[in-house]
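Asks:
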Amino acid sequence: MRTIEQSEQQPVVRVTPTMAEVPSETSSSVLETRDLAVYYGQFRAVREVNLIIRQSEITAFIGPSGCGKSTVLRCFNRMNDLIPGARVEGTVTYRGIDMYGKDADASEVRRRVGMVFQKPNPFPKSIWENVAYGPKSNGLRKKGELNDIVEKALRGAALWDEVKDRLKASGLSLSGGQQQRLCIARAIAVEPEVVLMDEPCSSLDPIATARIEELMQEIKQQYTILIVTHNMQQAARVSDRVAFFTTEVSQDGDRRTGIMVEFGRTAKIFSNPVDERTEQYVTGRFG
Amino acid sequence: MSSQTLIDPSDDVSMSLASNLAPTRRLRDGLFRVLLFASIGLALGALAVLLLRTWFDGKGAVNLKLLENQPSERPQRAGIQSGIWGSLWVTGFCSLLSLPLGVATAVYLEEFARKGRWYNHLIEVNIQNLAAVPSIVYGILGLAFIARGPLDWGPTVATAGLILALVVLPTVIIASREAIRAVPGSLRAGSMALGATRWQTVRKQVLPAAAPGIATGSILAVSRAIGETAPLLLLGGLTFLTKNPSGLDDRYTTVPLLAFNYATSPRAELREVAAAAIIVLMLVLLCLNGAAILIRNKFQRRW
Chain A
29 MRTIEQSEQQ PVVRVTPTMA EVPSETSSSV LETRDLAVYY GQFRAVREVN
79 LIIRQSEITA FIGPSGCGKS TVLRCFNRMN DLIPGARVEG TVTYRGIDMY
129 GKDADASEVR RRVGMVFQKP NPFPKSIWEN VAYGPKSNGL RKKGELNDIV
179 EKALRGAALW DEVKDRLKAS GLSLSGGQQQ RLCIARAIAV EPEVVLMDEP
229 CSSLDPIATA RIEELMQEIK QQYTILIVTH NMQQAARVSD RVAFFTTEVS
279 QDGDRRTGIM VEFGRTAKIF SNPVDERTEQ YVTGRFG
Chain B
4 MSSQTLIDPS DDVSMSLASN LAPTRRLRDG LFRVLLFASI GLALGALAVL
54 LLRTWFDGKG AVNLKLLENQ PSERPQRAGI QSGIWGSLWV TGFCSLLSLP
104 LGVATAVYLE EFARKGRWYN HLIEVNIQNL AAVPSIVYGI LGLAFIARGP
154 LDWGPTVATA GLILALVVLP TVIIASREAI RAVPGSLRAG SMALGATRWQ
204 TVRKQVLPAA APGIATGSIL AVSRAIGETA PLLLLGGLTF LTKNPSGLDD
254 RYTTVPLLAF NYATSPRAEL REVAAAAIIV LMLVLLCLNG AAILIRNKFQ
304 RRW
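Protein chains in written order, with this note's numbering: chain A, 29 to 315; chain B, 4 to 306.
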């Protein structure tokens, strides 16, 4: 752990994330970050993120725009690798293994940590092909096995009954909410351990949103879920734990960096947060 | 509730929508528009004159016999069969070389090359420049290094196809890059997030999505190869040949080369055959361009 003295030498004001209750937990941790910072070229998007993500829990990242919550989320399946100039400092571990270590393969990381994006992005292929894509990419060829996987994943994503008669129809022919559930089915078809969701409901209507939230509760026993959301009510409804991020402006005023302010149980963050800024945000006074 | 006036009449808001441009500015605006119309009119007019002239000169000689007959000095028996077969051979070999190479280069530059590296930048600048190099320069290159010189392939179909491949390669690359760039990033992200490798993503998502665009660009590029004459003249393409090529190592003539030969003939009847050959060539190009437009419209997808 860093001490206060060290941090005071830095030109920007430091905030200590509230990690007090973290070590006492018993359920096993799947993902951990230590002093994580992400740079886009010279720009430091987010710094000093210390998180422990536990198995079969839903962890929500909340905070105002530009605070780096999506950036942090993308560190967990190395999607930031695809952005030229993006660089990760600190460590991210999956079950104790360094995700960015020399022998860690990005494809293997992404097989274990799936992702659902902000805008539903089904492939311009059939529903069946969409779901079978992941397993096929991993080398599975047998039609029968693939059929089983597709059915299981679509059932898992609560979409089977709606599409079972038209698996050959294009994934793009579905409604927005169905498309997003197709994307969830596609993600769980590779049987990942973790599913990252980057504002999965931001382009959906309230009914479709409710179905996704319901689905998250149903699958959280099997999959550890991380969700970025702009919607505080959603975070309060679905998550077990919340990490609150905000933007910090340096003293000279020309650098903005995302920081994690507070991380704890959802009930505590929303009813009795430690940090003043968390309280201001969750009570709607800024953001 | 009584309806409220949205604009308080006491506010000094001008309600007039009349233009408040000064008359000189309006005049300049109008003048510029006239100039633009004049330039497009000039270009289209010149093209129309050329097309009509060729059509009236050659329409009498456009018939099946023109396609069946071999070239001849006698107008009644003059045809372009060897040219058609030569064009097919040369353009076919050219496509076989340039399309895979061009698409592969485009895939590398768009999907794998690290932006900002000096060598990738160098490749990019050079491709842009090569697209603007006159084809005759490629002809000189081909004569020095391929027809003669180190490769010494002679004045054959292979030499012509290779050089035309070089001529159209930059166009194929640029068109393919555009098509690949138009594939939305969310498709790549979706594929990569499922653990697919970059190559799997390219093969299964990017290339199928970009295929219509690549096809359109490639057809337009190959059309250019069909019409090329200058480099072939330098490379020893024959302007008169009464035998179809039988292989890559054979000598050849093409439709534009035959048209060139007939057009320089002192006999008016043979000049008519030249015009007819040009009409045939233009019909082929029109069909190819039409196919390109059809493919574009049919498969164009908006994300």
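Heads up, the beta-carbon is just placed ideally off N, CA and C, and yes, glycines get one too.
So, does the CB of B:K118 fall closer than 8 Å to a CB anywhere in chain A?
Replies: Using a CB distance cut-off of 8 Å, B:K118 counts as an interface residue toward chain A.
Asks: What are the start and end residues of each continuous alpha helix (DSSP H) run of 4 or more residues lying completely inside the region 128-185 of chain A, in chain order?
Replies: The region 128-185 of chain A contains these whole alpha helix (DSSP H) runs: 134-140, 155-165 and 171-184.
Asks: Just the Cα atoms here: how many angstroms apart are A:E33 and A:G199?
Replies: Unreliable placement is indicated for A:E33, whose pLDDT of 42 sits below 50; the coordinate value is still reported in the next sentence. Rounded to whole angstroms, A:E33 to A:G199 spans 55 Å at the Cα level.
Asks: Please list, in chain order, the chain A residues whose beta carbon lies closer than 8 Å to that of B:T200.
Replies: The answer, in chain order, is S135 and S165.
Asks: If you count every other CB in all the chains shown that lies within 10 Å of the CB of A:Q206, and 16 or more means buried, which is it?
Replies: Classification for A:Q206: buried.
Asks: List, in order along the chain, the chain A residues whose C-beta lies closer than 7 Å to that of B:L190?
Replies: N149 and F151
Asks: State buried or exposed for A:M104, treating a residue as buried only when at least 16 other CB atoms are found within 10 Å of its CB.
Replies: The sequence shown places Phe at residue 104 of chain A, not Met. With 16 or more Cβ atoms within 10 Å of its Cβ, A:F104 is classed as buried.
Asks: Please tell me whether B:Q303 has its Cβ less than 8 Å away from any Cβ of chain A.
Replies: no
Asks: Could you say if the region 228-240 of chain A and the region 140-159 of chain A meet the contact criterion of at least three C-beta pairs nearer than 8 Å?
Replies: yes
Asks: Return the Cβ separation of A:V223 and A:A215 in integer angstroms, given the expectation that the two are a contact with Cβ distance under 8 Å.
Replies: That pair is a contact at about 6 Å.
Asks: If distances are taken between C-alpha atoms only, which option among B:A228, B:P269 and B:L237 comes closest to B:S90?
Replies: B:A228
Asks: Mind listing the chain B neighbours of A:G162? Cutoff is C-beta to C-beta under 7 Å, in chain order.
Replies: L197 and G198
Asks: Could you check whether the Cβ of B:A212 sits closer than 8 Å to any Cβ belonging to chain A?
Replies: yes
Asks: Helix, strand or coil for B:P160 per DSSP?
Replies: Strictly speaking, residue 160 of chain B in this sequence is Val, with Pro absent from that position. Helix.
Asks: Could you list which residues in chain B have their beta carbon closer than 7 Å to that of A:R139, in chain order?
Replies: Those are G198, listed as they occur along chain B.
Asks: Taking the C-alpha atoms as reference points, what is the distance between A:D280 and A:A73?
Replies: 17 Å
Asks: Return the chain-ordered list of same chain residues with a C-beta closer than 7 Å to the C-beta of A:L187, the five sequence neighbours on each side being excluded.
Replies: If we look at A:L187 and ignore the five residues flanking it on each side, its Cβ neighbours are Q206, R209, L210 and A213.
Asks: What's the gap between the Cα of A:E85 and the Cα of B:I222?
Replies: 54 Å
Asks: Starting from A:V266, trace the alpha helix (DSSP H) both ways and give me its first and last residue.
Replies: M260 to V266
Asks: So the alpha helix (DSSP H) A:A215 belongs to, where does it begin and stop?
Replies: G204 to I216
Asks: Roughly how many whole angstroms lie between the Cα atoms of B:S101 and B:L260?
Replies: 22 Å
Asks: Please name the residue in B:R151, B:I126, B:I130 and B:L237 whose C-alpha comes closest to that of B:G307.
Replies: Since the first and last residues shown for chain B are 4 and 306, residue 307 of chain B lies out of range.
Asks: If I follow the unbroken beta strand (DSSP E) through A:R72, where does it start and stop?
Replies: F71 to R82
Asks: Please report how far the alpha carbon of A:T294 lies from the alpha carbon of A:A271, in whole angstroms.
Replies: 9 Å
Asks: Which chain A residues sit within Cβ distance under 8 Å of B:Q203?
Replies: S165
Asks: Please report the distance separating the alpha-carbon of A:P112 from that of A:P220.
Replies: 26 Å
Asks: Compute the beta-carbon to beta-carbon distance between A:V310 and A:A88, rounded to the nearest angstrom, for a pair I have assumed lies under 8 Å.
Replies: Not quite, the Cβ-Cβ distance comes to about 12 Å (not below 8 Å), so this is no contact.
Asks: Should A:E117 be labelled buried (16 or more other beta-carbon atoms within 10 Å of its own) or exposed?
Replies: By the neighbour-count criterion, in which 16 or more other beta carbons inside 10 Å mark a residue as buried, A:E117 falls on the exposed side.
Asks: What's the gap between the Cα of B:T159 and the Cα of B:L146?
Replies: 11 Å
Asks: Are there 16 or more other CB atoms within 10 angstroms of the CB of A:I177, so buried, or fewer, so exposed?
Replies: buried
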